[in-house]
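Asker:
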Amino acid sequence: MSDPMLLKVDDLKMHFPVHGGIFYRQIATVFAVDGVSFALPHGKTLGLVGESGCGKSTVGRALLRLYDPTDGQVLFDERDITELKGEQLRELRLGMQMIFQDPFESLNPRHTIGDILEEPFIIHQMGSPAERRAKVLELLDKVGMPADAVHKYPHEFSGGQRQRIGIARSIALKPKLIICDEPVSALDVSIQSQILNLLLDLQQEMGMAYLFIAHDLSVIKHVSDQIAVMYLGRVVEIADSEDMYANPQHPYTQALIASIPVPDPRQRKDFKPLQGEVPSPLNPPPACHFVDRCAYVQEICHREKPMLRSLEDDGHQVACHFAGELRASQR
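Numbering (my numbering), first residue to last: -15 to 315.
(1) Whole-angstrom Cβ separation of G34 and V213, contact assumed at under 8 Å?
(2) Drop a sphere of 10 angstroms on the beta-carbon of I83, count the other beta-carbons inside from all chains shown, and report buried for 16 or more, exposed for fewer.
(3) Pick out whichever of L157, A131 and F88 has its Cα sitting closest to the Cα of H108.
(4) Let me confirm a value: P268 is counted as buried when at least 16 other C-beta atoms fall within 10 Å, else exposed. Which label applies?
(5) State the start and end residues of the unbroken beta strand (DSSP E) segment that holds A170.
(6) Can you confirm whether the region 80 to 98 touches the region 127 to 144 when touching is taken to mean that 3 or more C-beta pairs between the two stretches lie within less than 8 Å?
(7) Does DSSP classify L135 as helix, strand or coil?
(8) Output yes or no for whether 8 Å exceeds the beta carbon distance between Q81 and P(-12).
(9) Kindly indicate which residue of M291, V134 and S112 has the alpha-carbon position closest to the one of V120.
(10) By the three-class DSSP mapping on this structure, what secondary structure does Y280 have?
(11) Taking the alpha helix (DSSP H) that S225 falls in, what are its first and last residues?
(12) Taking its Cβ as the centre, do 16 or more other Cβ atoms sit within 10 Å of V173, making it buried, or is it exposed?
(13) Closest to L216 by CA distance: which of G37, Q176 and Q210 is it?
(14) Who are the near neighbours of Y236 in its chain, counting only those whose CB is closer than 6 Å to its CB and skipping five residues on each side?
(15) Tell me which residues share the same chain as I11 and place their Cβ nearer than 8 Å to its Cβ, disregarding the 5 neighbours each side in the sequence.
(16) Check each candidate in H26, T66 and L78 and name the one with the smallest Cα separation from D(-5).
(17) Would you identify the three-state DSSP class for H330, choosing helix, strand or coil?
(18) Find out if the Cβ-Cβ distance for the pair L(-9), A23 is shorter than 8 Å.
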């Protein structure tokens, strides 16, 4: 029987050395991702959410091996991909693809759309030239773009259209997993819902799993089956989407959800924003990374790192020493 989990990430770390001085030696380390663990089932969506700079995009790039992880294990289809090189790494791209945040920067401005969409088939030596051209037209149709787009260049399209082209490229090889790195944050609000609905339709049609990276909590709730909240390089809470919003357990998650704007001006929220600034990933707190901003901090929080642990049998996991005891209302 096959494993229901397509992707398993265990204690993933991505540390970047900082060099300086006359001899350009390593003088510090950026702890961009510092022990992230989660699992993603086939055909489902895991939303990865957190403030800018918390390491969300770095996780996505490390999973695709655009960065070589410092430590940890990544199992994709029950295969450890952290040590893959050369031809094995190229084969990995058949099963994992990425949609980038900026649709203009991710498309080669010197290539036509036809060349951009044909490139994955050429790299993996799939089909004859006529078959590849037919596949390109099929991809454009899937994402709602006209056939004459093949002869045009990226600058001739709007941001939403360029993102549709980026999505077409990501699904060309029919991958099992697509990492969506804030795919709508650079788009107008009026276009965002169209792109989100396109992604959901493609997922239903093709059965792909998504790791959906975003900082917009309303977007994450709309597309995700499960949500993981990151803070300063670590996952602090994982739960089903509905449970996360109805019953957040970590103080940071509570603050994030309480900060979501209410569209009705007649409704007022008694919201108290978090105090202080996010610590530098160059020198994070040694135990709990949230210790300097938490209203419930105690001595153990300075001394011991809180581990992700399940509160109940529903899969709700929290990295807090007092999870389950804190029943503070969402502020």
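Here a beta-carbon is modelled for each residue, glycine too, at the ideal position from N, C-alpha and C.
Answerer: Looking at the coordinates:
(1) Counted from its first residue, the sequence shown places residue 34 at position 50. Counted from its first residue, the sequence shown places residue 213 at position 229. Contact holds; Cβ gap of about 6 Å.
(2) For this step, residue 83 is matched to residue 99 along the sequence shown. Under this definition I83 is a buried residue.
(3) In the sequence shown, residue 108 corresponds to position 124, counting from 1. Selected option, being the one with the closest Cα: L157.
(4) Within the sequence shown, numbered from 1, the residue matching residue 268 stands at position 284. P268 is buried by the Cβ-count criterion.
(5) As a working mapping, residue 170 is identified with position 186 in the sequence shown. It is not in any beta strand (DSSP E) - A170 carries neither H nor E in the DSSP assignment.
(6) yes
(7) Stepping through the sequence shown from its first residue, residue 135 is reached at position 151. The residue asked about is misnamed: residue 135 is His in this sequence, not Leu. Here H135 sits in helix by DSSP.
(8) The residue labelled residue 81 in the question sits at position 97 within the sequence shown. The residue labelled residue -12 in the question sits at position 4 within the sequence shown. At least 8 Å separates the beta-carbon of Q81 from that of P(-12).
(9) In the sequence shown, residue 120 corresponds to position 136, counting from 1. When only C-alpha atoms are compared, the closest one is V134.
(10) On the sequence shown, position 296 is the one that residue 280 refers to. Note: Y280 maps to coil in three-state DSSP.
(11) What you label residue 225 is simply residue 241 of the sequence shown in a count that begins at 1. In this chain, the alpha helix (DSSP H) harbouring S225 covers S225 to A230.
(12) Locating residue 173 in the sequence shown gives position 189, counting from the first residue. V173 is exposed by the Cβ-count criterion.
(13) The residue labelled residue 216 in the question sits at position 232 within the sequence shown. L216 has its Cα closest to that of G37, out of G37, Q176 and Q210.
(14) Here residue 236 refers to the residue found at position 252 of the sequence shown. Correct list, in chain order: Y215, V220 and F274.
(15) Position 27 of the sequence shown, counting from 1, holds the residue named residue 11. Excluding residues within five positions, the ones whose Cβ falls inside 8 Å are V2, H3, G4 and G5.
(16) Looking up residue -5 in the sequence shown gives position 11. Nearest of H26, T66 and L78 to D(-5), Cα basis: T66.
(17) This structure does not reach residue 330, given that the chain is present from -15 up to 315, and the question cannot be answered.
(18) Position 7 of the sequence shown, counted from the first residue, corresponds to residue -9. Position 39 of the sequence shown, counted from the first residue, corresponds to residue 23. In this structure, A23 lies closer than 8 Å to L(-9) by Cβ.
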